[in-house]
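Okay, so here's the structure we're looking at.
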Amino acid sequence: MNATAAETRKFEAEVDQVLHLVTHALYSHKEIFLRELISNASDACDKLRFEALSRPELAQDDAELRIEIHWDPEARTLTVRDNGIGMSREEVIGNIGTIARSGTRRFLESLTGDARRDTQLIGQFGVGFYSAFIVADKVTLTTRRADAPAAEGVRWESTGSGEYSVESVEQPWRGTAITLHLKADEGEFLDGWKLRELIGKYSDHVAFPIRLPKQKDGKPADELETVNHASALWTRPKAELKDEDYQAFYKSLGHGFDDALAWTHNRVEGSQGYTLLLYLPERPPFDAMFNGRDERKGLKLYIRRVFIMDASEQLLPAWLRFVRGVVDSDDLPLNVSRELLQHNRLVAQIRAACVKRTLDLIERLAKDDPEKFKTFYGAFGNTLKEGVADDPAHRERIARLLRFASTRSDGAERTVSLDDYIARMPAGQETIYYLTADTYAAAKGSPQLEALRAKGIEVLLMYDRIDEWMVGYLDSYAGKKLRNAAKGELGSDVSGADAEARKQAEREAEGLLKKLKDILGERVREVRVSQRLTESPACLALDEYELAPHMQRLLREVGQAVPASAPTLEINPRHALLRRLEGETDAARAEDLALLLLEQAQVAAGAQLDDPAAFVQRVNRVLLGGATA
3 MNATAAETRK FEAEVDQVLH LVTHALYSHK EIFLRELISN ASDACDKLRF
53 EALSRPELAQ DDAELRIEIH WDPEARTLTV RDNGIGMSRE EVIGNIGTIA
103 RSGTRRFLES LTGDARRDTQ LIGQFGVGFY SAFIVADKVT LTTRRADAPA
153 AEGVRWESTG SGEYSVESVE QPWRGTAITL HLKADEGEFL DGWKLRELIG
203 KYSDHVAFPI RLPKQKDGKP ADELETVNHA SALWTRPKAE LKDEDYQAFY
253 KSLGHGFDDA LAWTHNRVEG SQGYTLLLYL PERPPFDAMF NGRDERKGLK
303 LYIRRVFIMD ASEQLLPAWL RFVRGVVDSD DLPLNVSREL LQHNRLVAQI
353 RAACVKRTLD LIERLAKDDP EKFKTFYGAF GNTLKEGVAD DPAHRERIAR
403 LLRFASTRSD GAERTVSLDD YIARMPAGQE TIYYLTADTY AAAKGSPQLE
453 ALRAKGIEVL LMYDRIDEWM VGYLDSYAGK KLRNAAKGEL GSDVSGADAE
503 ARKQAEREAE GLLKKLKDIL GERVREVRVS QRLTESPACL ALDEYELAPH
553 MQRLLREVGQ AVPASAPTLE INPRHALLRR LEGETDAARA EDLALLLLEQ
603 AQVAAGAQLD DPAAFVQRVN RVLLGGATA
């Protein structure tokens, strides 16, 4: 097949699925198509402006980058045209006809059946072009790369029904034009005032002129006029910007409809100059959910208003990957690469400023707007906790923002800060007590809290999966030690006044301790009298650096090797079950009782029993023995 021949090809299966969904299922906010096509055109202009820094000949024949929108009421067509970088035939096929590097597969995996949410996903996963089929029954794309001759233009066309045609054409101008042949009931998009309204709503802050024909007698005239601000919002004086302006720009960044919770806009002058515009989202952006710590696209790097790259990894630590916004530097070289960014002193200064400004913003939200902070923390609290481990320099500031449930809380809601806890500590208490567990119910009902609760000592209840790992890096806060109520010996807050009574209990229980140790053998490291228990018969106690049983279970479930270790069993000798065991003369029944004490302590601590069937049989034997005694 020669270079100029027309060719009909099928879409890849995933793209075909997207087209079907877009055409038949996504009804809300259908005007999204215009925002997405303008956004793609803006990206094409950005790419040309960047490439023209090293190859000025690419843009010299038509230097003013712009986006034009034309409509033809008689032909029922709407065209979005840019004079940006353009595409080659291979790029057209790769970017539109196949899944290539687009987020199409992730888009499909993310569909929920909620039409509004599905529509938001279109732009977030790089498949915005397909949104044209919401309003069009045929789409024609004509394009030519800036570095290609006029003879290497490309025309792509499809009705969205599973196939597309592509052919080489003569194209005198560079860039891309997308013509939508509108469906019969989509005539509203042939109205110039409607188009102006949508551009003002969704695309006003695109940094290139968006031009529409002036209207004469209700029809488009030959003369064009710019209908957007066509300037980078972050470069405009804060005094002239309204909340609506910031929110509109935020939506253009994230291709969504949700408002930002808060933002900070700062201009830094001095040894280097740069502008920061940073946003806190209301909910996790979808790319953060899928890409996590590895691939992040929340913060865009500009150098003197030229878009360079998505540079979240270099400009923000992973624990702030939810932040959206832009950084515009006056001093970085325009040819900067990701490798240079990693070792650049100016970038390190900007990164430090981004972290500081973001923490300032979150702290201000916590102080001034508790309801918004509650929303933020529900969405990003666990991500924030990563910073406790990852960022020692900011550990104390991050810890101040954390919220937990506690034994003083009414329910599972995380509302207690470390500062709240310290403010309520009675005189003489020097330790912040906490407990990690699998669920709130497991933490709240843990027998390991009984002595602390009896003495009126508050305990923070941590039941997110990340908590056990996170708190391992947080050994103190504001001069107060943090102590896991399930690990090691409890502090003098609990044991000091009762030390003599405990020694007496240990002397009196020597026979019982030996009996239990003899029966349990290597299943336990040690059996000892507990200072934790007041009501329950037994509980597990861990060493200071031993993983909690529920965490050991979770790690094993994901295939991680966890070293085997025998737990320490703590007992309450005054409990009726222990007294029964102490007086039990039947060896088999004594073994059942001893094993049940250990197993119920393991269950309460979130461990998984090695042999649940044997546990059930033991319970049945003890119940039947009790019934016939």
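Per the numbering used here, the very first residue in the sequence shown carries number 3; after that it's consecutive. Cβ atoms here follow ideal geometry from the backbone N, Cα and C, with glycine treated the same way.
Item                                                                                                      : Value
Run of the beta strand (DSSP E) containing E524, from where it starts to where it stops                   : Unbroken run through E524: none, as it is neither H nor E.
Proximity of L363 and L255 at Cβ, strictly below 9 angstroms                                              : no
Start and end residues, beta strand (DSSP E) containing D84                                               : 79 to 84
Inter-residue CB distance, A507 and V531 (contact presumed, cutoff 8 angstroms)                           : 5 angstroms
K12 to D330 span [Cα, whole Å]                                                                            : 42 angstroms
V325, DSSP secondary structure in three states                                                            : coil
Where the alpha helix (DSSP H) through S41 begins and ends                                                : 34 to 56
Collapsed DSSP secondary structure at S233 in the structure displayed                                     : coil
Simplified DSSP state of R416, which is helix, strand or coil                                             : coil
A543 - DSSP class collapsed to helix/strand/coil                                                          : strand
Buried versus exposed call for T570 [16 or more other C-beta atoms within 10 Å across all chains shown]   : buried
Helix, strand or coil at F617 [DSSP, three-state]                                                         : helix
Member of G458, G447, D477 whose CA lies at the smallest distance from the CA of Y465                     : G447
Which of helix, strand or coil DSSP assigns to I201                                                       : helix
Among D48, E548, R157, the one whose alpha carbon lies nearest that of V94                                : R157
For F309, the three-state DSSP class (helix, strand or coil)                                              : strand
Residue environment, V618, which counts as buried when at least 16 other CB atoms sit within 10 Å         : exposed
Alpha carbon of D469 to alpha carbon of T438, nearest angstrom                                            : 7 angstroms
Backbone CA spacing between I40 and S133 [nearest angstrom]                                               : 12 angstroms
Supposed close pair F52, F309 - CB separation, criterion 8 angstroms                                      : 7 angstroms
Straight-line gap, R527 to E572 (C-alpha atoms, nearest Å)                                                : 11 angstroms
Alpha-carbon to alpha-carbon, E92 and R107                                                                : Low per-residue confidence applies at R107: pLDDT is 47, beneath 50, and the placement is therefore not dependable enough to give any value.
Collapsed DSSP secondary structure at Y423 in the structure displayed                                     : helix
Three-way DSSP call (helix, strand, coil) for V338 in this model                                          : coil
Close Cβ partners of A313 (< 8 angstroms) along its chain, the five nearest in sequence each way excluded : L301, K302, L303, V329, R340, L343
Within 9 angstroms, strictly: CB atoms of D594 and R623                                                   : yes
With 16 other Cβ atoms within 10 Å as the buried cut-off, status of E242                                  : exposed
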